[in-house]
Amino acid sequence: MKLPGNARFSTVCIHAGQEPDPSTGSIITPIYQTSTYVQEALGRHKGYEYARTQNPTRAALEGNIAAIEHGRAAFAFASGMAAEGAVMTLLQSGDHVVVTDNTYGGTYRLFERVLRKYQLHFTYVDTSDLPQIQQAIQPATKMLFLETPTNPTLRLTDLTAACELAHARGVFVVVDNTFASPYVQRPIDLGADLVVHSTTKFLNGHSDSVGGVVVAVKDEHIEWLRFIQNAEGAILGPMDAWLVLRGTKTLPIRMERHNANAQVLAEFLAAHRKVARVHYPGLPSHPQHTLARRQMRGFGGLISFELGSLEHARTLLNHVRLMALAESLGGVETLISHPATMTHASVPPDRRQQIGITDDMVRISVGIEDVEDLREDLAQALDRI
Ligand SMILES: Cc1ncc(COP(=O)(O)O)c(C=O)c1O
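In numbering that gives the first Met the number 0, the protein residues as written are 0 to 384.
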């Protein structure tokens with residue numbers, strides 16, 4: 000099996016980073032569930048010494064995701080947050096970071112509750128408005144940390160323009176691409192220096208693993224991330240690496256269905272009289288629909304909408320039957336949630352209001368079920384309001 004240099008996206012997803020297992024020919028990379036490797040003689044080994052440092056299952060996944068994201072190397076971690084934590088060790092005390100204001104709640108918590116203790120400084124701005132990025136950059140700014148689309152308000156940042164602006168001021172750019180997945184957008188192609196993912200979401204896609212990955216292109220980042228992955232040791236275990244590797248093989252066909260189902264449900268919700276507002280980049284009413292068409296392939300599997308009151312949101316959430324009331328996203332099954340009290344509970348209420356996470360907002364991670372079943376489920380729950 001030789002992957003041609005010009006292989007297309009689905010082919011890369013299935014084959015990149017993987018060779019038949021050298022000892023048996025197994026087409027699937029085995030789960031190397033081992034903590035150490037026997038050395039033939041003192042100083043003579045097969046490139047594997049200790050499993051925190053090297054593991055063939057993890058290496059296969061890292062090669063696969065690096066190729067999918069058009070990076071040069073990838074490093075897999077125990078969770079999306081561990082991946083973000085590793086990226087932040089590229090900074091030094093006194094450094095300043097400009098961050099998308101409605102970034103994932105756990106990212107905000109990491110920055111504010113943990114990293115501030117180490118004299119890192121953060122300014123949160125609406126990065127969909129480029130002048131706000133420009134104004135927030137200071138002499139101490141080293142990193143621009145972007146999330147697009149944002150969770151759960153689905154605002155977009157123009158990645159090409161934001162990267163150009165940051166690079167012109169000597170600032171490197173990290174993009175959390177969890178929400179979109181590399182099928183929908185590849186930030187490195189648009190100028191980003193680093194991409195982080197919670198592989199827990201679309202990359203794995205089956206709601207049965209927690210993990211994270213960082214993809215890098217620059218030598219200095221690659222060198223440091225390889226060092227820190229071993230030095231701090233927050234690695235992804237072989238079983239989880241294997242699960243994610245199985246997930247990435249079907250990423251393109253899953254994403255096609257996520258995109259298609261979400262578009263149908265967004266249009267259904269937008270036309271429903273009990274729904275006050277729908278946020279979905281695939282709707283022409285989305286303020287950045289034109290940017291979405293340019294920057295994204297399809298519009299992703301996440302929708303959020305407002306129902307007028309917390310009571311209405313509660314009624315809907317308590318009456319859906321097929322959709323599961325649960326945190327997380329990106330799995331094959333549809334999940335529905337209440338950001339204000341679930342995923343974003345760690346964000347203070349006044350900040351939530353400021354960034355548009357209202358108490359009446361509901362978020363759906365649209366799965367790949369038959370869309371008619373999903374529409375009927377939503378319709379019967381909306382009837383209860
Ligand atoms: C956009 C985004 N980034 C990062 C994370 C953190 O990932 P994990 O839960 O795997 O630590 C999440 C989790 O929900 C997320 O939605």
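Glycine included, each C-beta is placed from N, C-alpha and C at the ideal position.
{"Query": "In the structure shown, what three-state DSSP assignment does R115 receive?", "Result": "helix"}
{"Query": "Below 8 Å, can you find three or more Cβ-Cβ pairs linking the segment 323 to 343 to the segment 355 to 365?", "Result": "yes"}
{"Query": "Within the same chain, show all residues whose beta-carbon is closer than 8 Å to that of R115, passing over the 5 residues directly before and after it, in chain order.", "Result": "F121"}
{"Query": "Of the choices A378, L282, Y279, Q352, whose alpha-carbon is the least far from that of L316?", "Result": "A378"}
{"Query": "Is T289 helix, strand or coil by DSSP?", "Result": "helix"}
{"Query": "Could you pull out every unbroken beta strand (DSSP E) segment of at least 3 residues lying fully inside the segment 97 to 179, listed in chain order?", "Result": "120 to 124, 140 to 146, 171 to 175"}
{"Query": "Between the segment 41 to 59 and the segment 86 to 95, do at least 3 Cβ pairs fall closer than 8 Å?", "Result": "no"}
{"Query": "From I335, D349, L321, T357, pick the residue whose C-alpha is nearest to that of D372; which is it?", "Result": "L321"}
{"Query": "What whole-angstrom Cβ distance do V194 and E68 have, given they're in contact under 8 Å?", "Result": "5 Å"}
{"Query": "Compute the Euclidean distance between the alpha carbons of R7 and V173, then round it to the nearest angstrom.", "Result": "25 Å"}
{"Query": "Give a yes or no on whether the C-beta atoms belonging to S78 and T199 are separated by under 8 Å.", "Result": "yes"}
{"Query": "What did DSSP end up calling M341 once you bin it into helix, strand or coil?", "Result": "coil"}
{"Query": "I'd like the span of the beta strand (DSSP E) that includes V86, first residue to last.", "Result": "Unbroken run through V86 is the alpha helix (DSSP H), 79 to 87; no beta strand (DSSP E)."}
{"Query": "Going by DSSP, name the residue or residues bridged to L362.", "Result": "The amino acid at residue 362 is misidentified as Leu; the sequence shows Arg. Answer is S303, S336."}
{"Query": "Can you list, in chain order, the residues of its chain with a C-beta nearer than 6 Å to that of S9? Leave out the 5 residues immediately preceding and following it.", "Result": "P251"}
{"Query": "Kindly indicate which three-state DSSP category R272 falls into: helix, strand or coil?", "Result": "coil"}
{"Query": "Using CA atoms only, rank isn't needed, just tell me which of M295, Y49, E18 is closest to S391.", "Result": "Look at the range of the chain in this structure, 0 to 384, and you will see that residue 391 is not part of it."}
{"Query": "Report the partner residues of A378 according to the DSSP bridge assignment.", "Result": "Its beta-bridge partners do not exist; DSSP assigns none."}
{"Query": "Do D376 and ligand 1 come close, with the Cβ less than 7 Å from some heavy atom?", "Result": "no"}
{"Query": "Cβ-heavy atom distance between T159 and ligand 1 below 7 Å?", "Result": "no"}
{"Query": "For L235, which residues from the same chain have a beta carbon less than 7 Å from its beta carbon, with the 5 sequence-adjacent residues on both sides left out?", "Result": "R57, A75, F76, A77, G210"}
{"Query": "In chain order, what residues of the same chain lie with their CB nearer than 6 Å to the CB of V274, ignoring the 5 residues before and after it?", "Result": "L268, F304"}
{"Query": "Just to check my reading of the structure: S208 and T177 have Cβ atoms closer than 8 Å, yes? What is that Cβ distance to the nearest angstrom?", "Result": "Not really, about 14 Å apart at Cβ, beyond 8 Å."}
{"Query": "Helix, strand or coil: how does DSSP classify T314 here?", "Result": "helix"}
{"Query": "Residues in its own chain within less than 7 Å of V277 by CB, not counting five upstream and five downstream?", "Result": "A265, L268, A269, I302, F304"}
{"Query": "Hey, out of F110, I26, I13, whose CA is closest to D94's CA?", "Result": "F110"}
{"Query": "Tell me the residue span of the beta strand (DSSP E) that contains G62.", "Result": "Premise fails: G62 lies in the alpha helix (DSSP H), 55 to 67, not in any beta strand (DSSP E)."}
{"Query": "How would you label H44, buried or exposed, when you count the other beta carbons within 10 angstroms and need 16 or more for buried?", "Result": "exposed"}
{"Query": "With the cut-off set at 8 Å, would you say V319 and D382 are in Cβ contact?", "Result": "no"}
{"Query": "Between the alpha carbons of L129 and V346, how many angstroms are there, rounded?", "Result": "24 Å"}
{"Query": "Do V98 and Y123 count as a contact pair if the criterion is CB distance below 8 Å?", "Result": "yes"}
{"Query": "Give the range of the beta strand (DSSP E) segment to which G211 is assigned.", "Result": "211 to 215"}
{"Query": "Could you round the C-beta distance between L244 and T28 to whole angstroms and report it? I think they count as a contact, below 8 Å.", "Result": "6 Å"}
{"Query": "If you measure from the CB of Y279, is any heavy atom of ligand 1 nearer than 7 Å?", "Result": "no"}
{"Query": "Under 8 Å, do G16 and L60 count as touching if we go by C-beta distance?", "Result": "yes"}
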